[in-house]
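In this note's numbering, the protein residues as written are 6 to 525.
The beta-carbon is built from N, C-alpha and C at its ideal position, and this holds for glycine as well.
Here's the structure we're looking at; comments come further down.
Below, the structure written as structure tokens:
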């Protein structure tokens with residue numbers, strides 16, 4: 006870009022600063038000199054230098070870091086009233102003259118200094134032999150002087166008037182200053198060390214050419230043409246600032262729903278559009294509806310403490326509705342009227358009342374089957390579930406399941422596979438999906454749905470199958486029922502193109518503003 010074009014795009018602060026550079030030929034200039042020449046505020050000089058560096062018109066020639074030390078408010082207080090060490094010596098000596106003695110607790114009760122400062126001072130004085138602890142923990146002042154206290158006293162007086170460069174002190178003094186300087190997590194210190202960065206800047210090749218133009222341009226730049234300028238003709242000697250039409254406008258960040266919330270709404274909208282009705286159920290569930298009604302035996306390993314969360318109080322529900330409890334109990338023990346031999350164990354009705362956090366959305370389906378559902382009928386639920394798991398990119402301890410059932414005389418396994426294919430394509434936005442045979446205690450036949458994530462590869466979305474008669478008949482349903490439970494969180498990972506399940510619940514505003522799924 007030519008110097009004239011660059012010049013036309015400059016801000017008045019940049020022009021002012023480049024004109025200041027032009028007074029030094031090819032010599033580097035410090036920011037303090039630039040401030041003096043341009044008559045700008047320090048913040049304006051810093052801002053304009055940043056712009057010029059970004060445009061590669063100015064570069065840093067040299068950089069020198071110097072450390073300066075001064076007194077804090079604590080230091081000024083030490084100077085006026087004495088440091089904790091001096092106060093301890095003075096108080097103990099005065100007490101001895103009056104026939105009194107002090108313990109550490111006695112000194113702390115006087116509230117002259119914070120306990121932490123007093124404790125450190127006592128430790129220092131004891132270490133250097135200036136005090137000793139006598140009988141009963143009484144503090145005794147010795148004849149020995151504390152070298153550190155003497156040095157600190159001298160440093161406080163040297164810095165009484167103004168700050169000084171740290172290197173102007175001896176190495177021993179520098180070490181002591183650093184030891185008693187303000188640090189992160191320790192604000193109650195007498196000294197503060199601050200680093201000052203002195204930089205020298207020099208224009209680049211393009212910057213020099215533009216700087217000459219800035220120095221030569223004597224007309225005043227204005228950003229607005231006023232009626233007065235037109236009347237008196239002063240506009241002829243003014244330079245009007247040009248519009249920079251190549252710059253992008255600032256991005257507008259209006260409020261929007263969380264991307265995961267948008268995905269959940271999409272899933273619900275599509276299912277309702279397919280004729281499904283929404284099911285609802287409690288988060289705190291009994292083992293009966295979460296497992297027993299689904300023909301999971303009470304000795305099943307998935308019911309152990311490492312897979313479900315038990316409610317601490319109350320531990321049990323008051324009752325489980327009849328006749329479902331009795332019917333399910335008989336089915337578990339002997340198979341009842343289902344034609345099955347059951348699991349062959351003595352069913353524990355007390356355990357059936359135990360309360361847990363819902364571990365699978367199928368519990369909602371079981372409750373719906375027991376509530377005299379429509380036949381034919383289609384139902385779905387977006388159920389929050391809880392299971393103990395190791396959290397990683399594809400696993401979480403609490404998650405959404407999209408749970409569904411379809412009841413009807415003509416329902417079969419092919420109907421189920423067709424629905425699962427629609428879910429994979431329309432909701433998860435998956436380009437590839439496939440089925441694997443599976444086993445679940447409550448469905449037969451059973452299948453798992455897997456989809457390909459663009460980065461993580463093949464991942465399981467969930468399981469499905471036809472409910473066994475041992476599930477449907479005790480709940481009063483005699484027609485075939487297909488059921489599925491798919492991980493909504495994993496479906497969202499594919500649809501939103503994210504690679505870690507934890508990002509679904511991100512509070513990073515930039516991610517929330519920019520994340521878009523293929524469905525949006």
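Whole-angstrom distance between residue j and residue i, CA atom to CA atom
| i | j | result |
| --- | --- | --- |
| residue 24 | residue 33 | 14 angstroms |
| residue 488 | residue 282 | 14 angstroms |
| residue 239 | residue 18 | 22 angstroms |
| residue 160 | residue 179 | 10 angstroms |
| residue 288 | residue 457 | 31 angstroms |
| residue 109 | residue 186 | 25 angstroms |
| residue 68 | residue 171 | 18 angstroms |
| residue 111 | residue 155 | 25 angstroms |
| residue 513 | residue 262 | 13 angstroms |
| residue 107 | residue 118 | 15 angstroms |
| residue 440 | residue 425 | 9 angstroms |
| residue 518 | residue 267 | 12 angstroms |
| residue 396 | residue 494 | 13 angstroms |
| residue 516 | residue 408 | 29 angstroms |
| residue 509 | residue 414 | 39 angstroms |
| residue 206 | residue 53 | 12 angstroms |
| residue 133 | residue 71 | 33 angstroms |
| residue 196 | residue 152 | 18 angstroms |
| residue 429 | residue 423 | 10 angstroms |
| residue 366 | residue 511 | 24 angstroms |
CA nearest to the CA of residue i, picked from the options
| i | options | result |
| --- | --- | --- |
| residue 473 | 432, 344 and 356 | 344 |
| residue 528 | 215, 216, 236 and 245 | For residue 528 there is no data in the structure shown, the boundaries of the chain being 6 and 525. |
| residue 91 | 176, 136 and 477 | 136 |
| residue 165 | 78, 359 and 377 | 78 |
| residue 350 | 337, 227, 266 and 46 | 337 |
| residue 214 | 139, 173, 50 and 20 | 20 |
| residue 169 | 469, 75 and 520 | 75 |
| residue 36 | 94, 47 and 105 | 47 |
| residue 329 | 298, 285, 445 and 427 | 298 |
| residue 292 | 96, 241 and 333 | 333 |
| residue 208 | 102, 61, 163 and 194 | 61 |
| residue 285 | 321, 258, 371 and 254 | 371 |
| residue 418 | 362, 394, 485 and 346 | 485 |
| residue 354 | 211, 322 and 64 | 322 |
Cross-strand partners of residue i (DSSP beta bridge)
| i | result |
| --- | --- |
| residue 456 | 438 and 464 |
| residue 204 | 68 |
| residue 384 | 282 and 410 |
| residue 138 | 144 |
| residue 290 | 361 |
| residue 349 | The partner list for residue 349 (beta bridge, DSSP) is empty, contrary to what the question assumes. |
| residue 389 | 405 |
| residue 321 | 359 |
| residue 35 | 205 |
| residue 445 | 448 |
| residue 63 | 208 |
| residue 486 | 412 |
| residue 315 | 361 |
Assigned exposure category for residue i - 16 Cβ within 10 Å defines buried
| i | result |
| --- | --- |
| residue 279 | exposed |
| residue 450 | exposed |
| residue 256 | exposed |
| residue 483 | exposed |
| residue 295 | buried |
| residue 374 | buried |
| residue 12 | buried |
| residue 41 | exposed |
| residue 448 | buried |
| residue 499 | buried |
| residue 384 | buried |
| residue 51 | exposed |
| residue 342 | exposed |
Three-way DSSP call (helix, strand, coil) for residue i in this model
| i | result |
| --- | --- |
| residue 267 | helix |
| residue 92 | helix |
| residue 403 | strand |
| residue 215 | helix |
| residue 223 | Since pLDDT at residue 223 reaches only 48, below the 50 mark, its modelled position is unreliable, and no value is offered. |
| residue 373 | helix |
| residue 197 | strand |
| residue 120 | helix |
| residue 154 | helix |
| residue 525 | Caution is warranted here: a pLDDT of 46 is assigned to residue 525, below 50, making its placement in the model unreliable, and the coordinate value is therefore given only provisionally. Coil at residue 525, not helix or strand. |
| residue 491 | strand |
| residue 170 | strand |
| residue 17 | helix |
| residue 77 | coil |
| residue 472 | strand |
Below-8 angstroms beta-carbon distance, residue i vs any chain B residue
| i | result |
| --- | --- |
| residue 128 | This model lacks chain B altogether, as it is built from one protein chain only. |
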